[in-house]
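Q:
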Amino acid sequence: MKGTDLALLRDEDLELLLNEIFISHGYDFTNYARASLKRRITRIMVIDRLPSFAELYYRVKSDENYIPHIIRQLTVNVTEMFRDPHTFKVLREEVLPVLATHPFIRIWHAGCSTGEEVYSMAILLEEANLLHKALIYATDINAHVIENIKRGIFPMQHMKNYSENYILSGGRRDFSKYYTAKYEWAKFDDKLKERMIVATHNLVSDRSFNEFQLICCRNVLIYFDKELQDKVLTLFDDSLDKLGFLVLGSKENIRFTSVASNYRQMENKEKIWRKMR
Amino acid sequence: MEENAIIRFKIIAIGGSAGSLDTVLRIFQTPDLPVSSSYVVVIHRKNDPSSILSELISARTYLPVKEVEDKEPISPGTIYIAPSDYHLLIEDEKTFSLDSSEKVHHSRPSIDVTFESLAEIFGDAVIGILLSGANADGAEGLRKIRDAGGYTIVQNPATSEVGYMPQQAINLKAAVEVTDATIIPDTILRLTLNAER
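Chains D and L are the protein sequences, given in the same order. First residue of the first sequence? That's 5 in my numbering, and the numbers climb one at a time after it. First residue of the second sequence? That's 1208 in my numbering, and the numbers climb one at a time after it.
#1: Whose C-beta lies closer than 6 angstroms to the C-beta of Q1236 (chain L) among residues of the same chain, with five residues either side of it excluded?
#2: Does H1294 (chain L) come out as helix, strand or coil in the three-state DSSP assignment?
#3: Within 8 angstroms of any Cβ in chain D, is that where the Cβ of D1387 (chain L) sits?
#4: Using a Cβ-Cβ cut-off of 8 angstroms, state whether E1300 (chain L) counts as contacting chain D.
#5: State the Cα-Cα distance for the pair K255 (chain D) and S1307 (chain L), rounded to the nearest angstrom.
#6: Taking contact to mean at least 3 C-beta pairs separated by less than 8 angstroms, is the region 196-212 of chain D in contact with the region 229-245 of chain D?
#7: Could you work out which residue in L:D1319, L:D1331 and L:K1278 is closest to L1305 (chain L) when comparing CA atoms only?
#8: What in chain D is Cβ-close to L1305 (chain L), meaning under 7 angstroms?
#9: To the nearest angstrom, how far is it from the Cα of G1370 (chain L) to the Cα of Q1362 (chain L)?
#10: Does the beta-carbon of R281 (chain D) have 16 or more other beta-carbons within 10 angstroms, so that it is buried, or is it exposed?
#11: DSSP three-state label for M270 (chain D), please.
#12: Kindly provide the ranges of any alpha helix (DSSP H) runs that are 4 or more residues long and lie completely inside the region 142-209 of chain D, ordered along the chain.
#13: Counting only runs of 3+ residues fully inside the region 208-272 of chain D, write out the beta strand (DSSP E) ranges in chain order.
#14: Give me the Cα-Cα distance between D193 (chain D) and I153 (chain D), rounded to the nearest whole angstrom.
#15: Is L1228 (chain L) close to the ligand NAD? I mean its beta-carbon at under 7 angstroms from any heavy atom of the ligand.
#16: Do we get a CB-CB distance below 8 angstroms when we pair G1222 (chain L) with the residues of chain D?
#17: Which two residues bound the contiguous beta strand (DSSP E) that contains V1361 (chain L)?
#18: According to DSSP, which residues form a beta bridge with D1306 (chain L)?
#19: Under 7 angstroms Cβ-Cβ, which residues of chain L neighbour K230 (chain D)?
#20: Note down, in chain order, every chain L residue with its Cβ under 9 angstroms from the Cβ of S40 (chain D).
#21: If you measure between the beta carbons of F33 (chain D) and L22 (chain D), is that distance less than 8 angstroms?
#22: So, helix, strand or coil for I1281 (chain L), using DSSP?
#23: Could you give the distance in angstroms between the alpha-carbon of Y62 (chain D) and the alpha-carbon of A1381 (chain L)?
#24: What separation, rounded to the nearest whole angstrom, lies between the Cα atoms of Y31 (chain D) and I25 (chain D)?
#25: Grab me the residues of M160 (chain D)'s own chain with a C-beta within less than 7 angstroms of its C-beta, minus the 5 sequence neighbours each way, in chain order.
#26: With DSSP collapsed to three states, give me the class of L1232 (chain L).
#27: Is the shortest distance between the beta-carbon of R43 (chain D) and the beta-carbons of chain L less than 8 angstroms?
#28: Please report whether the beta-carbon of N23 (chain D) lies at a distance below 8 angstroms from any beta-carbon of chain L.
#29: With a threshold of 8 angstroms between beta carbons, is P1290 (chain L) in contact with chain D?
#30: If we ignore side chains and look at the alpha-carbon of each, how far apart do I1234 (chain L) and I1297 (chain L) end up?
#31: Nearest-angstrom Cα distance between G1330 (chain L) and V1320 (chain L)?
#32: Cα separation between R176 (chain D) and I51 (chain D)?
#33: 8 angstroms is my cut-off, CB to CB: does S1324 (chain L) come that close to chain D?
#34: Thinking just about the alpha-carbon of each residue, which of D:N35, D:T46 and D:A104 is nearest to the one in R14 (chain D)?
#35: Mapping the DSSP letters down to three states, classify T137 (chain D) as helix, strand or coil.
In structure tokens form, the structure reads like this:
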């Protein structure tokens, strides 16, 4: 893709658009990080060939069917299986053995997008012989993307990369045994999704809905401003058992946030924190 | 921020791809680089989570070197490296942010993305430097820095290891100055010494 033109979008226009999306459709993007949000909106204008903000605004106001498209474009859906393999290695070797001591394991993938990491987690649990006593909650704001989790179908072209990631994460099996290849698609083993609960959940407006031993929310908080990051981390804090684990993206950090003092980072530089109180 | 008010160039931004590493290291081993500016480095490299680039730069300077984490504060006298596999954006004059959305020019981090974001937030207080590379990334972003009133330097394509990227910038009229890699450190010193307002 080529570049965008941020000059197409003034700050006042952005506020106007976000207000409209919130008031008419209930999606609140007002506390999303500005720099990324502006990029995404100008990108929509380029892709949809809208020459000015006025054209975009008119389309949003007049075309109901355009909103789901906007929501999809504004929420970034870039994910992969076993992304940052070393994080998954630490989960495999240091976190799952702790979770194994529980009679029942609840895991929440918040903002899970198309579910690549949810399947990665299911594979880890299966290999640790824990899947049968686990429930994996997979949620995202975007109803369209989570449909994919229920299907368990992913593009074949990524499987080589995922297989390499899997091996780097400490996987010892033949990764291709987990899926059936059909043309350009890989259909993952239905066994992996038996313990998944898939639902829409909006981190901005929805509440805590259960207690978990592990919450995984990777590369979601980067799209929020500090105020919203604090709010969502408080939601996670309310949803996490004492001594539970919080897993964030490789460049995310909870220092400088309101919950930081309750958590201790694991001693290996990975972005995994343990709730101490 | 009394102090900042007199600094002409708050940001010195360097973008490069294939063949740019030596020049980047040369720039940061320059003694007396101004500590009143923040340095932002976007170099294309293989999707590799290790911090080799930070380590190489750290070994040559006593300015602190950081691979940017999300919402990292922007401080003067610090060298910030765009982390592998994320776009580096500027949230406001005091804060970086990160974005893992689609690649731009097959690149993440993309130089265009960071340069454009710098131009938007810092306007004419940016020195943009585009080095050797085999990719068109960076040219448009550099043009935006120039359009915003910033000062732009392009490595001479004829003496660059790979001239394609700097040539793209020259074609877009993004360069205030075209110069050999060996001259770039002196140019930075000249601009920052004479540029207090």
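Every residue gets a Cβ at the ideal spot worked out from N, C-alpha and C, and that includes glycine.
A: Put simply:
#1: Numbered from its first residue, the second sequence carries residue 1236 (chain L) at position 29. So the qualifying residues of the chain are R1267.
#2: What you label residue 1294 (chain L) is simply residue 87 of the second sequence in a count that begins at 1. H1294 (chain L) falls in the strand class under three-state DSSP.
#3: One-based indexing of the second sequence puts residue 1387 (chain L) at position 180. So, not an interface residue.
#4: The count along the second sequence starts at 1 and reaches residue 1300 (chain L) at position 93. So, not an interface residue.
#5: As a position in the first sequence, residue 255 (chain D) is number 251, starting the count at 1. As a position in the second sequence, residue 1307 (chain L) is number 100, starting the count at 1. Taken atom to atom, the span from the alpha-carbon of K255 (chain D) to that of S1307 (chain L) is near 10 angstroms.
#6: The answer is yes - the region 229-245 of chain D touches the region 196-212 of chain D, with three or more Cβ pairs under 8 angstroms.
#7: If you number the second sequence from 1, residue 1305 (chain L) lands on position 98. Of L:D1319, L:D1331 and L:K1278, the residue nearest in Cα terms is L:K1278.
#8: The residue given as residue 1305 (chain L) occupies position 98 in the second sequence. Under the 7 angstroms cutoff, chain D gives I226 and K255.
#9: Numbered from its first residue, the second sequence carries residue 1370 (chain L) at position 163. Numbered from its first residue, the second sequence carries residue 1362 (chain L) at position 155. Looking at the two C-alpha atoms, the distance is approximately 8 angstroms.
#10: The residue labelled residue 281 (chain D) in the question sits at position 277 within the first sequence. R281 (chain D) should be labelled exposed.
#11: Locating residue 270 (chain D) in the first sequence gives position 266, where the first residue counts as 1. M270 (chain D): coil per DSSP, three-state reduction.
#12: Entirely contained in the region 142-209 of chain D, the alpha helix (DSSP H) runs reaching 4 residues are, in chain order, 147-155 and 163-172.
#13: Qualifying beta strand (DSSP E) stretches, in chain order: 216-221, 244-252 and 267-269.
#14: As a working mapping, residue 193 (chain D) is identified with position 189 in the first sequence. As a working mapping, residue 153 (chain D) is identified with position 149 in the first sequence. Their Cα atoms are separated by approximately 12 angstroms.
#15: This structure lacks the ligand NAD, and indeed carries no ligand of any kind.
#16: For the purposes of this step, residue 1222 (chain L) is identified with residue 15 of the second sequence, where counting begins at 1. No, G1222 (chain L) lies away from the interface with chain D (no Cβ there is under 8 angstroms from its Cβ).
#17: On the second sequence, position 154 is the one that residue 1361 (chain L) refers to. Residue range Y1358 to Q1362 is occupied by the beta strand (DSSP E) that includes V1361 (chain L).
#18: By 1-based counting over the second sequence, the position of residue 1306 (chain L) is 99. As computed with DSSP, D1306 (chain L) is found in a beta bridge with L:H1294.
#19: To locate residue 230 (chain D), count along the first sequence from 1; it is residue 226. Proximity of chain L to K230 (chain D) at the Cβ level (cut-off 7 angstroms) is accounted for by K1278, in chain order.
#20: Counting from one through the first sequence, the residue named residue 40 (chain D) turns up at place 36. Neighbours of S40 (chain D) on chain L, chain order: H1294, L1296, E1298, S1304, L1305, D1306 and S1308.
#21: Taking the first sequence and counting its residues from 1, one reaches residue 33 (chain D) at position 29. Taking the first sequence and counting its residues from 1, one reaches residue 22 (chain D) at position 18. A contact, by the Cβ cut-off of 8 angstroms.
#22: Within the second sequence, residue 1281 (chain L) is the residue found at index 74, counting from 1. It is coil, neither helix nor strand.
#23: Within the first sequence, numbered from 1, the residue matching residue 62 (chain D) stands at position 58. Within the second sequence, numbered from 1, the residue matching residue 1381 (chain L) stands at position 174. When rounded, the distance between both Cα atoms is 34 angstroms.
#24: Along the first sequence, one-based indexing puts residue 31 (chain D) at 27. Along the first sequence, one-based indexing puts residue 25 (chain D) at 21. Each residue's Cα considered, the two are about 6 angstroms apart.
#25: By 1-based counting over the first sequence, the position of residue 160 (chain D) is 156. The beta carbon of M160 (chain D) sits closer than 7 angstroms to the beta carbons of A185, E188, W189 and A190 from its chain, once the five residues preceding and following it are set aside; these are given in chain order.
#26: Along the second sequence, one-based indexing puts residue 1232 (chain L) at 25. In the displayed model, L1232 (chain L) falls within a helix according to three-state DSSP.
#27: Taking the first sequence and counting its residues from 1, one reaches residue 43 (chain D) at position 39. Closer than 8 angstroms to some Cβ of chain L, the Cβ of R43 (chain D) qualifies, so yes.
#28: What you label residue 23 (chain D) is simply residue 19 of the first sequence in a count that begins at 1. So no, N23 (chain D) is outside the interface.
#29: As a working note, residue 1290 (chain L) is residue 83 in the second sequence. With respect to chain D, the C-beta atom of P1290 (chain L) has a partner C-beta closer than 8 angstroms.
#30: What you label residue 1234 (chain L) is simply residue 27 of the second sequence in a count that begins at 1. What you label residue 1297 (chain L) is simply residue 90 of the second sequence in a count that begins at 1. Between I1234 (chain L) and I1297 (chain L), the C-alpha separation is close to 23 angstroms.
#31: Start at 1 with the first residue of the second sequence, and residue 1330 (chain L) comes out as number 123. Start at 1 with the first residue of the second sequence, and residue 1320 (chain L) comes out as number 113. Near 15 angstroms, if we compare the C-alpha coordinates of V1320 (chain L) and G1330 (chain L).
#32: Sequence index remark: in the first sequence, residue 176 (chain D) carries index 172 (1-based). Sequence index remark: in the first sequence, residue 51 (chain D) carries index 47 (1-based). Cα to Cα, the separation comes out at about 42 angstroms.
#33: Counting from one through the second sequence, the residue named residue 1324 (chain L) turns up at place 117. Under the Cβ criterion of 8 angstroms, S1324 (chain L) is counted among the residues facing chain D.
#34: Sequence index remark: in the first sequence, residue 14 (chain D) carries index 10 (1-based). Checking every option, the nearest Cα to that of R14 (chain D) belongs to D:T46.
#35: Sequence index remark: in the first sequence, residue 137 (chain D) carries index 133 (1-based). A quick correction: the sequence has Lys, not Thr, at residue 137 (chain D). DSSP places K137 (chain D) in helix when its eight states are reduced to three.
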